[in-house]
Amino acid sequence: MAFVNLDEKYNTPKCQLCGKIYRDSKSLAAHLRYGCNREPHLCCPRCNYRAKTNSNLKRHVLLQHSNINLKLAVNK
């Protein structure tokens with residue numbers, strides 16, 4: 165895999181482009197595919213938020229623009 169080396173301290177995959185350390189090579193591969201040195205290209209239809217992945221955009225819309233109250237009720 166291009167741009168892969170192991171971090172000396174933790175012996176885990178590290179991106180050579182930005183220096184981020186990942187738990188496994190699969191996570192690093194996703195980072196290289198979707199995140200590293202890429203501008204967010206998916207736009208929220210309701211505000212100026214931009215995301216790099218569909219899942220991040222969906223989470224944003226759910227948390228920021230839905231009428232669902234996601235706070236947990238505290239039992240007294």
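Quick note on numbering: the sequence shown equals residues 165 to 240 in our numbering. A virtual CB, placed ideally from N, CA and C, is assigned to each residue, including glycine.
Under 8 Å, with one C-beta from each stretch per pair, do the stretch 202–216 and the stretch 173–192 reach the 3-pair mark?
No: the two stretches stay apart, fewer than three of their Cβ pairs being nearer than 8 Å.
Using DSSP with H/G/I as helix, E/B as strand and the rest coil, what is K256?
The structure shown does not extend to residue 256, since the chain is modelled only from 165 through 240, so no value can be given for it.
Does the Cβ of C211 have 16 or more other Cβ atoms within 10 Å, making it buried, or fewer, making it exposed?
Exposed, since its Cβ has fewer than 16 Cβ neighbours within 10 Å.
How is the alpha helix (DSSP H) around K222 delimited, first residue to last?
Per DSSP, K222 belongs to the alpha helix (DSSP H) from 218–229.
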